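Counting from 1 along the sequence shown, just add 116 to a position and that's the residue number in the working numbering. C-beta: ideal position from N, C-alpha, C; glycine also. For clarity, every value in this text was computed on a predicted model and none was experimentally measured. Quick notes on the structure that follows.
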Amino acid sequence: MSSLNIILLAFSFGLMLIGGFYALAQFLSIFTGAPYVPTSSERTAAMIALAGLQPGELAVDLGAGDGRLVLAAAATGARAEGFELNPLLVFLARFAIRRASLAARAKIHRASFRGADLRRASVIFIYLLPGEMARLERWLPAALNPGARVVVNAFPFPHWKPEAKQGNLYRYRVP
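Spelled out as structure tokens, the structure:
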């Protein structure tokens, strides 16, 4: 077997492995209630900017997926935490945090955010489906401190009025 064939075989195996991980993540989303839809790096940067995130603040991602928003927030000097139920995505997010040497400022919890104490958070990031947004709209005011900023990707809250909007990104402030 030539070295080119070995390289092509290894590349093909890698693609199949990545596809398998993605398929498993999508399958597991049946049990966690939200599909895995990664946010682009451009959109992630726009969410961080819209939040006005400052070094030392705590940002929390509800439904952190592969942790890319947690990583981006920690890279600004903020502390960042994410909540994710999908064990495969938790593994990938934790691996990415270690690889980026951001473990001192970034953490992924394999847990529901509903039982978490979010009052320490200055900023909350959300990219969840409309049905969940309606439930969160009722739950968040009691879970967060007044003045906390909530940045939402794609699906706005049904009744809250955003204080800032950029495309289909929305920033709200908890009253």
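query, result
"Residue of Asn261, Ala191 and Leu285 minimising C-alpha distance to Pro272", "Leu285"
"As assigned by DSSP and simplified to three states, the class of Leu178", "strand"
"Start-to-end residues for the alpha helix (DSSP H) that takes in Leu285", "No alpha helix (DSSP H) contains Leu285, which is instead part of the beta strand (DSSP E) from Leu285 to Arg289."
"Where Ala222 sits in the DSSP three-state scheme", "strand"
"Ala126 classed as buried or exposed, judged by whether at least 16 other C-beta atoms fall within 10 angstroms", "exposed"
"Under the three-state DSSP convention, the category Val206 falls into", "helix"
"Extent of the continuous alpha helix (DSSP H) run through Gly247", "Pro246 to Ala259"
"According to DSSP, residues forming a beta bridge with Ala196", "Ala175 and Ala222"
"Three-state class that DSSP yields for Phe273 in the structure shown", "coil"
"Alpha-carbon spacing of Pro274 relative to Pro262, whole angstroms", "19 angstroms"
"Sub-8 angstroms separation of Leu205 and Phe241 beta-carbons", "no"
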